[in-house]
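Each residue of the sequence shown is one higher than the one before, counting from 20 in the numbering used here.
All C-beta atoms in this analysis are idealised placements derived from N, C-alpha and C, irrespective of residue type, glycine included.
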Amino acid sequence: MEIAPAVESSYISIATTVAGVFLVMAMGALARFLKWFTSEVDRSMAGFTSNVLLPAFFFHRIMTDSKLSSSLQAWVPSLYGAALTASGFLVSAVVVWSVGRWFGVQEEDQKRTFTLCSGIANYGYIPIPLAEAFYPGCIVTLLVHNVGVDVALWSIGLYMISGLGLRKSWRRIVFSPPLVSVVVALAIRQFGAQVFIPKPLLHMTEQLGRCSIPMGLVLSGAIILDYAGKIRFAESVKPFFLAVLVRMILLPILFLMVAKWFAGSRELQEVLLLQAAMPAATFPIVMTRLYNRSIETALTVVVGTSVLGIITIPIWMVIGAQWLDL
């Protein structure tokens, strides 16, 4: 069967952009390998990125987005982000608790880790540059969607990996700098006060925001290299296939079905398409270490799906775009 020229061209365009994103991550890994970028700076670099660069990026995008109308409409994507992330955890949990023992995921620690890591897609450093390249109109929608993902991660996800509930994590959600920047920016836009924002402040947030995604990708590449060498491949094959089933087959289908039949706008469809195509998020590795769960399982899911994502991201983006008529 011949591939239509338009489809082939679309795949090549997406694959080229995806390769470029992963090459930025590869530079982070290379810098780590050559000791130009040591693990001692990881904490400060991650803190500066999440507490300064990303909030600046979010604030500037929302302040300058001409399509943003009202706060009520703007918050709808966050509900989808929270609901679909919770659904991802649920699907992952059902699969691993029912058939996990046949794929080498038997202990409770392994199952909790698998549920967290395979249940949540990469929702920042990879989809944002892809959105800028292919669906620039959905970037603000993606940022607001990610607020809901964070809420689900630090409530349901935290409970899954640690046994703690929302009572223990609400401070982290409410006082998260990225969330604060989104709330403040939306409030300013709702009251029409964006005209009073000083231009030097907008210039500062624009310049800082431009650094956020490259910095995050470089850090992600370095962290993945650190952990990739700790994977015992012979013991990880079966869990990896189970992670592929959940993260790269079942959940993409779920996300695309929701995008097709329930998303209320084209921008939200574009966001859900990007999320459907994503591998597992990298931050759950940190949470797994923090709560002494199965780091081996976390590495298998996150590193394995991230590497495979170089191939699968363009495939799902092409399939999804055709099905959604984007």
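### Message
Tell me the DSSP secondary structure of SER90 in three-state form.
### Response
Stepping through the sequence shown from its first residue, residue 90 is reached at position 71. Any reading at SER90 is ruled out, since the residue's pLDDT is 46, under 50, leaving its predicted position unreliable.
### Query
Taking buried to mean at least 16 other C-beta atoms within 10 Å of its own C-beta, is THR319 buried or exposed?
Here residue 319 is taken as the residue at index 300 of the sequence shown, counted from 1. Looking at its Cβ environment, which holds 16 or more other Cβ atoms inside 10 Å, THR319 is buried.
### Query
By the 10 Å Cβ neighbour count, where 16 or more other Cβ atoms means buried, how is MET179 classified, buried or exposed?
If you number the sequence shown from 1, residue 179 lands on position 160. Buried, because 16 or more other Cβ atoms sit within 10 Å of the Cβ of MET179.
### Query
If we ignore side chains and look at the alpha-carbon of each, how far apart do GLY240 and PHE281 end up?
Working through the sequence shown from its first residue, we reach residue 240 at position 221. Working through the sequence shown from its first residue, we reach residue 281 at position 262. GLY240 and PHE281: Cα-Cα distance of roughly 35 Å.
### Query
Would you call ALA295 buried or exposed, if buried means 16 or more other Cβ atoms sit within 10 Å of its Cβ?
Indexing the sequence shown from 1 puts residue 295 at position 276. So ALA295 ends up on the buried side.
### Message
So, at 7 Å on beta carbons, what are the nonlocal neighbours of TYR246 in its own chain, with the 5 sequence-adjacent residues on each side left out?
### Response
Sequence index remark: in the sequence shown, residue 246 carries index 227 (1-based). Only ILE304, LEU318, VAL322 meet the Cβ criterion.
### Query
Is ALA171 closer than 8 Å to LEU293 when the C-beta atoms are compared?
For the purposes of this step, residue 293 is identified with residue 274 of the sequence shown, where counting begins at 1. For the purposes of this step, residue 171 is identified with residue 152 of the sequence shown, where counting begins at 1. With contacts defined by Cβ atoms closer than 8 Å, LEU293 and ALA171 do not form a contacting pair.
### Query
Between THR324 and PHE259, what straight-line distance do the alpha-carbon atoms span, to the nearest angstrom?
The residue you call residue 324 lines up with position 305 of the sequence shown. The residue you call residue 259 lines up with position 240 of the sequence shown. Distance from the CA of THR324 to the CA of PHE259, rounded to the nearest whole angstrom, comes to 8 Å.
### Message
Which of the three DSSP states is assigned to ALA340 in this structure?
### Response
Residue mapping note: residue 340 aligns to position 321 of the sequence shown, counting from 1. If DSSP states are grouped into helix, strand and coil, ALA340 belongs with the helices.
### Query
If we call anything under 8 Å between Cβ atoms a contact, is SER137 one with ASP169?
Taking the first residue of the sequence shown as 1, we reach residue 137 at position 118. Taking the first residue of the sequence shown as 1, we reach residue 169 at position 150. Cβ atoms of SER137 and ASP169: not closer than 8 Å.
### Query
Taking the continuous alpha helix (DSSP H) assigned at ALA295, which residues delimit it?
By 1-based counting over the sequence shown, the position of residue 295 is 276. Here the alpha helix (DSSP H) through ALA295 covers 285-296.
### Task
Check whether the Cβ atoms of GLY107 and LEU270 sit closer than 8 Å, and answer yes or no.
Within the sequence shown, the letter at position 88 stands for residue 107. Within the sequence shown, the letter at position 251 stands for residue 270. Yes, these two residues count as a Cβ contact at 8 Å.
### Task
Measure the CB-CB distance between PRO96 and VAL163 and report whether it falls below 8 Å.
The residue labelled residue 96 in the question sits at position 77 within the sequence shown. The residue labelled residue 163 in the question sits at position 144 within the sequence shown. The answer is yes: Cβ separation under 8 Å.
### Query
Taking only runs of the alpha helix (DSSP H) that begin and end inside the region 97-181, which ones reach a length of at least 4 residues, in chain order?
Counting whole runs of 4 or more residues, the region 97-181 contains the alpha helix (DSSP H) stretches 127-138, 146-153, 158-171, 177-181.
### Message
I'd like the list of long-range same chain contacts for GLN125, defined as Cβ closer than 7 Å, with 5 residues on each side in sequence excluded.
### Response
Indexing the sequence shown from 1 puts residue 125 at position 106. GLY119.
### Query
Does the Cβ of ARG62 have 16 or more other Cβ atoms within 10 Å, making it buried, or fewer, making it exposed?
Here residue 62 is taken as the residue at index 43 of the sequence shown, counted from 1. Classification for ARG62: exposed.
### Query
Considering only residues of the same chain and omitting the five flanking positions on each side of VAL263, which have a CB-CB separation below 8 Å?
As a first step, residue 263 must be located in the sequence shown, where it is residue number 244. Correct list, in chain order: GLY323, THR324, LEU327.
### Query
Since THR134 and SER117 are thought to touch, with beta carbons under 8 Å apart, how far apart are those beta carbons, to the nearest angstrom?
Taking the sequence shown and counting its residues from 1, the one referred to as residue 134 is at position 115. Taking the sequence shown and counting its residues from 1, the one referred to as residue 117 is at position 98. Under the criterion of beta carbons closer than 8 Å, THR134 and SER117 do not qualify as touching, at roughly 12 Å.
#### Entry: C-alpha gap between GLY211 and VAL37, whole angstroms
Against the sequence shown, residue 211 aligns to sequence position 192. Against the sequence shown, residue 37 aligns to sequence position 18. The straight-line gap separating the alpha-carbon atoms of GLY211 and VAL37 is approximately 37 Å.
#### Entry: Reference ASP128; option with closest CA among GLN213, SER181, MET297
To locate residue 128, count along the sequence shown from 1; it is residue 109. Minimum Cα distance to ASP128 is reached at SER181.
### Query
Going along the chain, which residues of its own chain have a beta-carbon closer than 6 Å to the beta-carbon of THR307, five neighbours each way excluded?
Here residue 307 is taken as the residue at index 288 of the sequence shown, counted from 1. Within the same chain, and ignoring the five residues on either side of THR307 in sequence, the residues whose Cβ sits closer than 6 Å to its Cβ are THR132, ILE314, ALA317.
### Query
When DSSP labels each residue in this structure, what does ALA278 get in the three-state scheme?
Working through the sequence shown from its first residue, we reach residue 278 at position 259. Taken through DSSP and simplified to helix, strand or coil, ALA278 comes out as helix.
### Query
In terms of alpha-carbon separation, which member of ARG51, MET276, HIS79 lies closest to GLY2?
The displayed coordinates of the chain run from 20 to 345. Any statement about residue 2 would go beyond what the structure contains.
#### Entry: Best match in GLU289, PHE56, THR57, ALA102 for proximity to LEU161 [C-alpha to C-alpha]
By one-based count along the sequence shown, residue 161 stands at place 142. Nearest C-alpha to LEU161 among GLU289, PHE56, THR57, ALA102: GLU289.
### Task
For LEU244, I'd like the list of residues in its chain whose CB is within less than 7 Å of its CB, leaving aside the five on either flank, ordered along the chain.
Walking along the sequence shown from the start, residue 244 turns up at place 225. In chain order, ALA48, ARG51, PHE52 place their CB closer than 7 Å to the CB of LEU244, counting only its own chain and leaving out the 5 sequence neighbours on each side.
### Task
Output yes or no for whether 8 Å exceeds the beta carbon distance between VAL71 and PRO233.
Looking up residue 71 in the sequence shown gives position 52. Looking up residue 233 in the sequence shown gives position 214. No; because the gap between Cβ atoms is not below 8 Å, this pair is not in contact.
### Task
Mind reading off the beta-carbon distance from MET64 to LEU238? Whole number of angstroms is fine, and I expect it under 8 Å.
Working through the sequence shown from its first residue, we reach residue 64 at position 45. Working through the sequence shown from its first residue, we reach residue 238 at position 219. Yes, MET64 and LEU238 are in contact; Cβ-Cβ is about 6 Å, under 8 Å.
### Message
Cutting at 8 Å between CB atoms, please list the residues of its own chain near ARG251, excluding the five before and the five after it.
### Response
The residue labelled residue 251 in the question sits at position 232 within the sequence shown. Cβ neighbours of ARG251 beyond the five flanking positions: GLU315.
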